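Working notes, beginning with the structure itself.
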Amino acid sequence: MKRRSSSGGGRTADEPLPETIAPQLATLARRPPASGDWLYEIKFDGYRLMCRVEQGTAKLITRGGHDWTEKMCTLATAIDGLPVENAWLDGEVVVLTESGVPDFNALQNAFDRRSTAQLTFFAFDIPFLNGRDLREVPLSQRRELLGELIAQTSSERIRFSESFTEDPQSLLASACRMRLEGIIGKRADAPYRSGRSTDWIKLKCLQRQEFVVGGYTRLAGAKRGMRSLMLGVHERDGSLRFAGTVKAELKPRPLADLEKKAAKLLRDNPPFYNPPPREKDRDFLWLQPELVVEASFLEWTPAGEVRHPVFQGMREDKPATAVTEETVVDVDEPESLPQAKGTTRVSPGRAGTLVIAGVKVSNAERVIDDVTRMKKIDLVRYYDEIAEFALPYLKDRPVSLVRAPEGIHGELFFQKHEERSNIPGITRLPVELHPRHPPLLVVDRHEALIGLAQMNVVELHSWNAVQPDLEHPDRFILDLDPDPDLSWQMMVDAATLSKVLLDEIGLKSFIKTSGGKGFHIVVPLTRRQQWDEVKDFSHAVARYMARLMPERFSAVLGPKNRVKKIFIDYLRNSKGASTVAVFSARARSGMGVSMPIAWDELTDIGRADQWTIKTAAPRMHSLGADPWDGFHRTRQGITVAMRRAVGLR
DNA sequence: GCATGTA
DNA sequence: TACATGCAACGCCTC
DNA sequence: GAGGCG
Ligand SMILES: [Mn+2]
Ligand SMILES: [Mn+2]
1 MKRRSSSGGG
11 RTADEPLPET
21 IAPQLATLAR
31 RPPASGDWLY
41 EIKFDGYRLM
51 CRVEQGTAKL
61 ITRGGHDWTE
71 KMCTLATAID
81 GLPVENAWLD
91 GEVVVLTESG
101 VPDFNALQNA
111 FDRRSTAQLT
121 FFAFDIPFLN
131 GRDLREVPLS
141 QRRELLGELI
151 AQTSSERIRF
161 SESFTEDPQS
171 LLASACRMRL
181 EGIIGKRADA
191 PYRSGRSTDW
201 IKLKCLQRQE
211 FVVGGYTRLA
221 GAKRGMRSLM
231 LGVHERDGSL
241 RFAGTVKAEL
251 KPRPLADLEK
261 KAAKLLRDNP
271 PFYNPPPREK
281 DRDFLWLQPE
291 LVVEASFLEW
301 TPAGEVRHPV
311 FQGMREDKPA
321 TAVTEETVVD
331 VDEPESLPQA
341 KGTTRVSPGR
351 AGTLVIAGVK
361 VSNAERVIDD
371 VTRMKKIDLV
381 RYYDEIAEFA
391 LPYLKDRPVS
401 LVRAPEGIHG
411 ELFFQKHEER
421 SNIPGITRLP
431 VELHPRHPPL
441 LVVDRHEALI
451 GLAQMNVVEL
461 HSWNAVQPDL
471 EHPDRFILDL
481 DPDPDLSWQM
491 MVDAATLSKV
501 LLDEIGLKSF
511 IKTSGGKGFH
521 IVVPLTRRQQ
531 WDEVKDFSHA
541 VARYMARLMP
551 ERFSAVLGPK
561 NRVKKIFIDY
571 LRNSKGASTV
581 AVFSARARSG
591 MGVSMPIAWD
601 ELTDIGRADQ
611 WTIKTAAPRM
621 HSLGADPWDG
631 FHRTRQGITV
641 AMRRAVGLR
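In full-length UniProt numbering, the protein residues as written are 1 to 649.
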C-alpha cells in the first residue's frame, strides 16, 4: 500500500485550526457517581490554560481568554517544541513543590518574582491535533493521542495528567491526604464540549463558598468581643437559613473593624427563619444580613448546616442577597434539579441502624477524619477485620482508651475506667489488682472492639502486664519518638541500632510502627521482675544509647531535649503507664495503625503511618506469616550480665 | 455516646 | 416522651 | 511546687 509522505497518515483533508476553543468545565458533585465509565484525574491547584499551537509557535490562553504567552514564555517555548503541525491542548499550569504536590501559593510567588522557570504544564486533553478536530472523538481516545504525543517530548515542563480508574472514593481520600484540592471525574466516552456540563465533575476535599453574616457570638455575659460569626444562606424564596457558626479568625485589628461594622447592623431578632437554640456558654447578637464572608467546610450536614467550617475572609464584592447554597449535582440522577433546601432535608440518623458483630453502630456515615473523609464505619470495619489479629495482644491486658466524640480533629479524651455503662465484651478487673483506683478495663472479645468503636474509641493503649499479676511486667517497650522533622532514615537507623544493642545483650525484640511518627520496640519478658527493676533497666538502655550516640538519641523527656534527635521514651515502662496497642488505630489525620512488622521489613517501610485503617487489615489477611512469629513463645528475663552491659549496678 | 434527671 | 446535662486519667519528669 | 508530657 502506498503511504503518504506527510505525517498523521490516513486523513483526507485538513480541517482548519480553530482560532479559539473555550475550555470544558466541571460541575461540583456531591459524591462519586455510582455508574458509568469515568476517568479520574488529580484536581490541580493552578491556572487553567488552553494552548493553541501552530507552525511551532504556542499561544497560551487563560480561562478568561487572556493571552499569557508572554507571562509564561519559558513554558511557551517548551510547548513550541512539541512535534505537531498544529494543535489545541488543554491543561493546567502549576508549580510543583518538593514533594511533587502542586502549590497554588508557590504559583503566585512564581509570578510575583517574575521567575516562571519552574512552571509545569499538565496537559489533560487535546481537542485538536494535526489538522483533525478531535472534539467529537471520545475522551479516552483523545487522551491516548495526547499521551503518545507527550511521551515524545523530553521537556520536563510538559507532563501528561495521569488518570486513574480505581475506586474514586479512595482516590479522593488519598488526594485529600496529600493535601490536594480534590479530583476531577470525566466520562470516558464523552466528546469535548466547551462550557460546564456534568460530563466533567469535580469532587473536592473541602467545599468553599460565601455566607451572609446574620449574627455573631460572644462569651456569655461579655459586654464586647466577637467570637464566632453566624452564617446564613438564602433559600430560593429569599428567606435566610441559619447554616452554622464559624470562628472569626481575624487579626485583632481587622476583627475590631468588623465588630465596628457589625455594631451598625445590630437588631433585636434573628434574621434566620430557623435560629439556633440559645446556649449557656455564649450569647447571640443578631445582625441585619448584609455582611458577606467566605468559609471553607467539609460538607453540609443533613440539617443544612456546614460541618467544620473555617473562616477564609471577608467578601466585599458580593451582594448579600446573592448568597445561596452552592449547587451541587448528583450525577446519578442527571434529571433531578438541585435538591430542595432547608425544610425538606432528611432528618439525620434514622436510616436504619447498622449492626456489626452483634453491636449496633449509630451514625455510621459520620466523617471522623476531615482530612481523608474517613467515616465512623471505616473505623468499625477496621476493628472488625483486624480483631482476630489484635485480640491475642490485648488478652488479659489492661487498656486505656482515646475517644474522639467530635472526630479526630476535635477534642479528644483519655479514659481508663468505665463504671456507668456496660460495653459488650469488656471485662472490668477486680479492684484488688489495682488498689485505690476504679476497675481497670480489659478488651478480650471481638464485639468489645466494635462496641468501643461505636463509642468513638479510636486508640487503645495497653499495659505492659497481664492480669491477674499486674505487679510483674511481661514486656518492656522502647518508644522511639523522633523530633517532628527528622529524616526517616534516622528513624530506621535508630530502630536498627536499638535492635543491635538488644541482640548484643541477648534480648529478642519485636518492632511495630506507632501509626504516628515513630517505632515501638517491644521486648517480651517472663514475669520475674517488678516494675521498678524493669523500668530502671529500660532507662539504662536508653541512657546507654544516648551516651554512646548523643547526636542521635536523647533519654530525657521534653521536646527541647530532642531537637534533631530521637527520644527513647522509657517512661512507657512505669506501672500504670501504657503504650498504643498493637493494631490500634491512631487519632491523627490519615488514621494510621500501629503495625507489627518483621525486622527484615524495616527498610521497606517509608513512614510510621504507612498502614491505615483502610490498608492494615488487607495486609494482615494477605500476609502468609505472622510478622511477630515467636513473640508469645519468647522466654527471657533481664540478667545481671545485661544490667552490667548497659552500665547498671 | 450514654445514663440520668427534669419538664 | 423530649430534651438538657454531666461525664469520660494520671503518674512521673523537668525546671 | 507547678506545669508539661505522653
Ligand atoms: Mn511514640
Ligand atoms: Mn512517647
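All C-beta atoms, glycine included, are put in the ideal place defined by N, C-alpha and C.
As the structure is a prediction and not an experimental result, all values here were calculated from the model.
query, result
"Could you give the first and the last residue of the continuous alpha helix (DSSP H) run that contains residue 488?", "488 to 505"
"Have a look at residue 288 and residue 480 and give me their C-alpha separation to the nearest angstrom.", "56 Å"
"Return the chain-ordered list of same chain residues with a C-beta closer than 7 Å to the C-beta of residue 343, the five sequence neighbours on each side being excluded.", "In this prediction, residue 343 scores a pLDDT of 24, lower than 50, which makes its location untrustworthy; no coordinate-derived value is stated."
"Can you tell me which of the three DSSP states residue 205 falls into?", "coil"
"I'd like to confirm something about residue 503: is its beta-carbon nearer than 6 Å to some heavy atom of ligand 2, or not?", "no"
"Hey, how far is the Cα of residue 458 from the Cα of residue 611?", "15 Å"
"Please classify residue 414: is it buried, with 16 or more other beta-carbons within 10 angstroms of its beta-carbon, or exposed?", "exposed"
"Expressed to the nearest angstrom, what Euclidean distance is found between the alpha-carbon atoms of residue 544 and residue 648?", "10 Å"
"Following the continuous beta strand (DSSP E) through residue 400, name the residue where it begins and the one where it ends.", "398 to 403"
"Hey, out of 616, 577, 164, 327, whose CA is closest to residue 651's CA?", "Nothing in the structure corresponds to residue 651, since the chain is present only between 1 and 649."
"Is it buried or exposed, residue 578, if we count other Cβ atoms within 10 angstroms and call 16 or more buried?", "buried"
"When a residue counts only if its C-beta is closer than 6 Å to some heavy atom of ligand 2, which residues count, in chain order?", "479, 481, 569"
"Under 6 Å: does the beta carbon of residue 705 sit that close to some heavy atom of ligand 1?", "Residue 705 cannot be examined here, being either before or after the span of the chain that is shown, 1 to 649."
"With a threshold of 16 other CB atoms inside 10 Å of the CB of residue 640, please say whether the residue is buried or exposed.", "exposed"
"Tell me the DSSP secondary structure of residue 626 in three-state form.", "coil"
"What are the boundary residues of the beta strand (DSSP E) that includes residue 312?", "310 to 314"
"Looking only at its own chain, which residues have a Cβ that is under 6 Å from the Cβ of residue 294, when we skip the five neighbours before and after it?", "210, 312, 313, 315"
"Relative to the alpha-carbon of residue 126, which residue among 132, 88, 151, 163 has its alpha-carbon at the smallest distance?", "88"
"Is the number of C-beta pairs between the stretch 559 to 568 and the stretch 481 to 500 that are closer than 8 Å three or more?", "yes"
"According to the neighbour-count rule (16 or more other Cβ atoms, all chains shown, within 10 Å of its Cβ), is residue 486 buried or exposed?", "buried"
"Which residue marks the beginning of the beta strand (DSSP E) containing residue 230, and which one marks its end?", "228 to 234"
"Should the stretch 276 to 290 be regarded as contacting the stretch 200 to 216, the criterion being three or more beta carbon pairs within less than 8 Å?", "yes"
"Identify the continuous beta strand (DSSP E) that holds residue 140 and give its terminal residues.", "Element bounds for residue 140: not the beta strand (DSSP E) but the alpha helix (DSSP H), 139 to 151."
"Once DSSP output is grouped into helix, strand and coil, what is the label at residue 538?", "helix"
"Pull the bridge partners of residue 724 from the DSSP assignment, please.", "Because the chain spans 1 through 649 in this model, residue 724 falls outside it and cannot be assessed."
"Using 10 angstroms around the beta-carbon of residue 3, count the other beta-carbons present and answer buried if the total reaches 16, otherwise exposed.", "Only weak support is given to the placement of residue 3: the predicted model assigns it a pLDDT of 33, under 50, and the question is left unresolved by the model."
"Less than 7 Å separating the beta-carbons of residue 520 and residue 570?", "no"
"Less than 8 Å between the CB atoms is what I'm expecting for residue 705 and residue 372, so what's the real figure, rounded?", "Since the displayed the chain opens at 1 and closes at 649, residue 705 lies outside it and no answer follows."
"Note down the Cα distance separating residue 124 from residue 370, rounded to an integer number of angstroms.", "29 Å"
"In chain order, what residues of the same chain lie with their CB nearer than 7 Å to the CB of residue 76, ignoring the 5 residues before and after it?", "58, 60, 69"
"With a threshold of 16 other CB atoms inside 10 Å of the CB of residue 91, please say whether the residue is buried or exposed.", "buried"
"Can you find at least 3 beta carbon pairs, one from the stretch 588 to 604 and one from the stretch 510 to 529, that sit closer than 8 Å?", "yes"
"Please name the residue or residues paired with residue 605 in a DSSP beta bridge.", "BP columns for residue 605 are empty, so no partner."
"Could you tell me whether any non-hydrogen atom of ligand 1 is closer than 6 Å to the CB of residue 515?", "no"
"Kindly list the residues whose CB is nearer than 7 Å to the CB of residue 488, restricted to its own chain and excluding five residues on each side of it in sequence; keep chain order.", "606, 607"
"Are three or more beta carbon pairs between the stretch 180 to 199 and the stretch 378 to 398 nearer than 8 Å?", "no"
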